Amino acid sequence: MRVHTVARLIGIGVLVVATLLGAVLVAQEPRSDGPALLAGAGCTGCHGAAGRGTVAAPPIAGPALALDEFRRAVRTGRGVMPAYPVEVLPEARLAAIYTYTSDQEGIAMPVGRVAAGGRLYEQSGCYSCHSNQGQGGTQGPRIGPGPVRWGKFVWYLRHPTAQMPPYSSSVLPDQELADIYAFLEVRPQPRPVAEIPLLAP
Amino acid sequence: MPKKTNSEQPSETRRRFLQTSALAGAAAIVGASGEDATAQPPVDGGAGARASSTPLMTAAAEAAVPAEVQVLGSNERCGSDFMVDVIKSLGFEYICANPGSSFRGLHESVINYGGNQAPELITCCHEESSVAMAHGYFKAEGKPLAVMAHGTVGLQHAAMAIYNAWCDRVPVYLILGNHSDAALRRAAEWYHGVQDAAHMVRDYTKWDDTPWSLTHFAESAVRGYKIALTPPMAPVVLVLDGHLQEEPIPLDAGLKIPRLTLPTAPQGETGAVEETARLLVEAEHPVIVADRAARTPAGMRLLIELAEALQVPVIDQGSRMNFPSRHPLNHSQRAGAVIAEADVIVGLELVDFWSTVNSLRDQLHRSTRRVARQDAKLISITTGDLYIRANYQDFRRMQEVDIAIAADAEATLPSLIEAVRRLTTRSRSRTFEARGARLAAASRALDENARNAAAYAWDASPLSTARLCAEIWNQIKGEDWSLVSSYYSDGGGWPRRLWDFDKSYQWLGHAGGGGIGYGAPASVGGALANRKHGRFSVAIQTDGDLMYAPGVLWTAAHHGIPLLSVMNNNRAYHMEIMHVQRMCNARNRGIDRARIGSEITDPNIDYARLAQSMGVYAEGPISTPADLGPALQRAIAVVKRGEPALIDVITQVR
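As given, the protein sequences belong to chains A and B, one line each in that order.
For the first sequence, this note's numbering gives the first residue as 82, with consecutive numbering after it.
For the second sequence, this note's numbering gives the first residue as 3, with consecutive numbering after it.
Structural data, given as structure tokens:
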């Protein structure tokens with residue numbers, strides 16, 4: 082019985098490796114049947130046609146995620162998104178969807194102006210939860226430096242899923258969001274904790 | 003209903019005495035005016051003009067026999083003297099008040115008859131400060147303070163602080179003055195008089211009485227103390243008639259003070275405790291959530307013992323100092339993840355079990371969802387099931403649970419620990435050990451995350467709250483310190499992430515009812531309790547809170563209460579800005595005006611000068627991070643001399 086189990090495990094392992102290898106290979110090929118793939122897998126219901134996002138879910142179009150990150154999100158689910166196990170979405174189809182969405186143009190980002198972004202960050206009240214430098218606080222997480230990718234940033238501001246109030250485009254147009262995004266991108270990286278004696282354990 | 007004192011003096015005699023006294027008083031005033039008139043020449047109008055505005059002693063009046071002047075006889079004392087005997091028997095160390103004529107009799111007895119010791123009168127500048135000081139004092143000392151106030155205007159000032167104490171289930175012993183007999187009221191005693199003084203706060207106090215005699219007072223005073231300190235604890239009110247305080251009584255009136263015996267707190271029923279232990283032992287992902295659990299220092303020790311026996315994560319919701327902040331089983335900082343995974347959740351004196359396992363999304367259309375697993379077993383142990391009131395809604399939303407133990411959590415912990423140990427097999431012990439190792443690793447990651455997060459904006463101006471709290475910690479960590487400020491003034495949560503809390507008096511929870519203005523007086527009350535223990539009291543003081551009743555700084559200076567107040571001065575009521583901003587967002591009308599009505603700028607308040615004006619050592623405003631450490635050192639030296647000190651620091655919002 083133990084030999085049988087080991088053999089099964091080896092078999093599964095080989096299959097997984099072969100599937101992943103195939104997936105990587107597939108992922109490198111351009112896709113033309115992407116829209117059908119997305120619709121067939123049920124992605125468009127939330128992420129919209131071409132994965133450009135809807136009220137229900139953020140965009141997945143554009144080369145934002147590495148394949149591993151994409152796979153992890155799909156397999157385990159995130160927030161309200163259900164998990165898609167390999168029995169439901171085989172690895173080859175997952176990779177094909179990834180190839181298609183990565184090839185799509187991401188959400189266009191206007192050129193951000195850092196100084197204007199700093200002013201808007203304060204005027205728009207971002208600081209009241211995320212603190213003056215975007216470092217976060219008890220009411221909101223850190224959002225700078227290194228904010229989330231632009232598409233997700235815009236989508237979340239328009240359609241927050243938790244306690245954050247929504248910012249419609251009439252209140253904060255994309256250009257002003259880009260300014261704020263630029264401000265957050267250039268927030269200084271912190272010194273290493275080891276160089277700050279007051280933060281020693 | 004006729005009212006009697008135990009001195010058996012008929013009320014008619016009493017009235018004659020008071021009326022005679024009043025006449026004697028009037029004669030004395032007239033006499034004094036007459037003397038003044040002869041000693042000092044009028045400055046602006048001559049004798050005729052003065053006569054028209056100020057009564058002069060006439061020759062006839064001078065020749066008259068003075069009215070009888072009565073003072074206390076050598077074989078007498080006053081009703082309020084006996085009241086002080088009763089108050090002393092209850093062990094009060096302090097009695098807080100700003101003065102009021104309706105309790106002038108008791109006031110005089112406290113300072114003269116009682117020698118102004120145990121209780122010592124603490125001079126306050128607002129009744130809300132008196133009660134909030136008592137609230138903070140209890141959190142640090144575990145004993146109540148007494149508060150005196152007018153039954154009308156004083157109680158109206160005090161009401162918000164009483165509500166805070168009620169919501170926080172903290173005993174405050176309120177003594178209100180009132181002149182009940184309308185036939186004997188002076189002018190001010192009419193608008194300071196009321197039929198039922200306690201009515202105004204009856205919805206958020208546990209018990210009240212209006213004694214009609216001194217025996218009645220003694221019994222009600224002891225009964226009230228007992229009720230206030232029986233879990234669930236809460237404020238109580240005694241209304242003392244002015245005449246009952248001021249009337250003479252014979253020294254040998256034979257009045258008796260009842261003996262105080264505090265009831266033991268109720269333990270959970272054996273079967274329910276056994277079932278709780280079984281569920282905890284068999285669970286794979288159990289969690290203990292504690293809010294008002296640790297009533298005494300023993301509470302924290304017991305909770306540690308239970309958590310370690312099971313190797314279970316603890317979420318300390320912070321109404322009391324329940325669990326050491328750096329204990330590897332303290333997972334308060336990842337409460338969401340722990341609750342989402344849990345298969346058994348035990349709530350110890352939770353103020354809000356519903357919000358522990360559910361969330362409410364505050365958007366234009368509010369929605370709720372369960373954040374705990376649907377199959378998680380929920381167990382509550384709380385005295386909240388023993389006592390509830392109707393009008394004020396501090397009892398929160400109803401949460402369905404699998405076992406509800408109506409009992410005191412701290413009193414129930416010993417039997418729960420014993421049952422857990424008895425039911426734990428060797429196999430489960432090994433499981434617990436492995437779980438404990440995983441939790442310890444997660445705890446280390448939490449600590450590291452906190453320090454990494456604090457490093458962001460480290461050199462920013464205004465100061466980040468992380469920098470503020472790290473600087474304070476650096477200066478006090480070698481002291482026997484106590485953070486006496488409110489949960490709402492805790493520097494953006496950073497002390498609980500960066501400081502090492504492991505003693506019951508190091509964290510005093512919060513206001514209870516969310517009434518702003520609690521922080522400053524409660525801090526002074528906590529520091530008053532800490533003084534005799536030689537503890538170093540520190541408060542992170544928010545600006546909006548201090549502006550409610552800054553006079554408490556004078557109280558701290560006047561009474562030599564050592565306290566380091568470090569301002570978290572973000573120049574606004576920022577929580578309210580967030581609320582208004584949320585409305586602006588939801589209504590799509592622009593956000594740039596959200597700060598109108600909530601900012602405290604133009605002009606900026608100079609808190610250092612405000613404190614200095616009341617005799618408090620102060621520095622600031624400080625907006626450069628590097629300047630804070632040296633300023634703290636100078637202030638700490640002052641506090642160690644037994645005085646209060648304040649450092650005004652301009653900070654970021656959170």
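The C-beta atom is built at its ideal place from N, Cα and C for all residues, glycine as well.
All values reported here derive from a predicted model rather than from experimental measurement.
Reduced DSSP secondary structure (H/G/I, E/B, other) of residue i
{"i": "B/D38", "result": "With a pLDDT of 37 at B/D38, under the threshold of 50, the modelled position of that residue is not reliable, and the figure given next carries that caveat. Note: B/D38 maps to helix in three-state DSSP."}
{"i": "B/D404", "result": "coil"}
{"i": "B/H152", "result": "strand"}
{"i": "B/C471", "result": "helix"}
{"i": "B/T370", "result": "strand"}
{"i": "B/W129", "result": "With the sequence shown as reference, residue 129 of chain B is identified as Glu, and Trp is not the correct amino acid for it. If DSSP states are grouped into helix, strand and coil, B/E129 belongs with the helices."}
{"i": "B/L362", "result": "strand"}
{"i": "B/Y550", "result": "coil"}
{"i": "B/I259", "result": "coil"}
{"i": "B/V568", "result": "strand"}
{"i": "A/Q109", "result": "A caution first: A/Q109 carries a pLDDT of 49, below 50, which makes its placement in the model too unreliable to give a value."}
{"i": "A/I178", "result": "helix"}
{"i": "B/A647", "result": "strand"}
{"i": "A/W236", "result": "helix"}
{"i": "B/D608", "result": "coil"}
{"i": "B/V316", "result": "strand"}
{"i": "B/T557", "result": "helix"}
{"i": "B/A574", "result": "strand"}
{"i": "A/T350", "result": "Since the first residue shown for chain A is 82 and the last is 282, residue 350 of chain A is missing from the structure and cannot be characterised."}
{"i": "B/T217", "result": "helix"}
Integer-rounded CB distance, given that residue j should sit under 8 Å from residue i
{"i": "B/I624", "j": "B/V651", "result": "5 Å"}
{"i": "B/K90", "j": "B/A120", "result": "6 Å"}
{"i": "A/L216", "j": "A/A131", "result": "What sits at residue 216 of chain A in the sequence shown is Gln, not Leu. Actually they are not in contact, since the Cβ atoms of A/Q216 and A/A131 sit about 35 Å apart, beyond 8 Å."}
{"i": "A/G160", "j": "A/T242", "result": "6 Å"}
{"i": "B/S484", "j": "B/Q543", "result": "Incorrect: roughly 15 Å between the Cβ atoms, too far for contact."}
Same chain, Cβ closer than 6 Å to residue i, neighbours up to 5 away in sequence not counted
{"i": "B/G622", "result": "A610, I649, D650"}
{"i": "B/A374", "result": "I341, V359"}
{"i": "B/P265", "result": "T232"}
{"i": "A/V151", "result": "Sequence inspection shows Phe at residue 151 of chain A; the Val mentioned does not correspond to that position. Cβ neighbours of A/F151 beyond the five flanking positions: Y179."}
{"i": "A/R239", "result": "none"}
{"i": "A/G221", "result": "C210, H211"}
According to DSSP, residues forming a beta bridge with residue i
{"i": "B/G349", "result": "B/V291, B/S382"}
{"i": "A/M162", "result": "A/R159"}
{"i": "B/S484", "result": "B/S539"}
{"i": "B/I177", "result": "B/M150, B/L240"}
{"i": "B/C80", "result": "B/P250"}
{"i": "B/Y619", "result": "B/A647"}
{"i": "B/N332", "result": "B/V316"}
{"i": "B/C98", "result": "B/I124, B/V149"}
{"i": "B/W460", "result": "Partner(s): none; B/W460 has no beta bridge."}
{"i": "B/I624", "result": "B/V651"}
{"i": "B/L465", "result": "B/T653"}
Sequence-distant residues of the same chain with beta carbon closer than 7 Å to residue i, five excluded per side
{"i": "B/Y389", "result": "P234"}
{"i": "B/V196", "result": "G153, T154, N180"}
{"i": "A/F264", "result": "V195, G198, G199, Y202"}
{"i": "B/D46", "result": "With a pLDDT of only 41 at B/D46, under 50, the local geometry of the prediction cannot be trusted, and the value read off the model is given with reservation. Correct list: empty, nothing qualifies."}
{"i": "B/L448", "result": "Q335, R336"}
{"i": "B/L425", "result": "A279, R280, V283"}
Proximal residues to residue i (C-beta, below 8 Å), its chain only, five neighbours per side dropped
{"i": "B/M549", "result": "I602, I607"}
{"i": "B/M85", "result": "L108, S111, L216, F219, A223, L242, Q247"}
{"i": "A/Y262", "result": "M190, G193, G198, P228, W231, F234"}
Contacts of residue i in chain E (Cβ-Cβ under 8 Å)
{"i": "B/V655", "result": "Of the protein chains in the structure, A and B, none is chain E."}
Quiz item: Are the segment 142-159 of chain B and the segment 564-580 of chain B touching, with three or more C-beta to C-beta distances below 8 Å?
Solution: No contact exists between the segment 142-159 of chain B and the segment 564-580 of chain B.
Quiz item: Between the segment 79-98 of chain B and the segment 133-146 of chain B, do at least 3 Cβ pairs fall closer than 8 Å?
Solution: Three or more Cβ pairs drawn from the segment 79-98 of chain B and the segment 133-146 of chain B lie within less than 8 Å of each other, which places the two stretches in contact.
Quiz item: Touching or not, the segment 265-273 of chain B and the segment 468-479 of chain B, by the rule of three or more beta carbon pairs under 8 Å?
Solution: Contact between the segment 265-273 of chain B and the segment 468-479 of chain B is absent, because fewer than three Cβ pairs lie under 8 Å.
Practice problem: Tell me, please, whether the segment 610-620 of chain B touches the segment 453-473 of chain B by the rule of three or more beta-carbon pairs shorter than 8 Å. | Solution: Taking a contact to require three or more Cβ pairs closer than 8 Å, the segment 610-620 of chain B and the segment 453-473 of chain B do not qualify as touching.
Practice problem: Inspect the CB distances between the segment 511-522 of chain B and the segment 158-176 of chain B and report whether three or more fall short of 8 Å. | Solution: Contact holds between the segment 511-522 of chain B and the segment 158-176 of chain B, because three or more Cβ pairs, one in each stretch, are under 8 Å apart.
Quiz prompt | the segment 426-436 of chain B / the segment 290-298 of chain B touching (three or more Cβ pairs under 8 Å) | solution = The segment 426-436 of chain B is not in contact with the segment 290-298 of chain B.
Quiz item: Pairing CB atoms from the segment 389-400 of chain B with CB atoms from the segment 298-307 of chain B, are three or more of them under 8 Å?
Solution: The segment 389-400 of chain B, when compared against the segment 298-307 of chain B, does not touch it at the 8 Å Cβ threshold.
Quiz prompt | Meets three-Cβ-pair contact criterion under 8 Å: the segment 304-324 of chain B and the segment 284-291 of chain B | solution = With the cut-off at 8 Å, the segment 304-324 of chain B and the segment 284-291 of chain B touch.
Exercise. Check whether the segment 242-255 of chain A touches the segment 266-278 of chain A, counting contact only when three or more Cβ pairs, one atom from each stretch, lie closer than 8 Å.
Key: Counting Cβ pairs under 8 Å, fewer than three are found: no touch.
Quiz item: Do the segment 368-382 of chain B and the segment 340-355 of chain B meet, that is, are 3 or more Cβ pairs less than 8 Å apart?
Solution: These segments touch.
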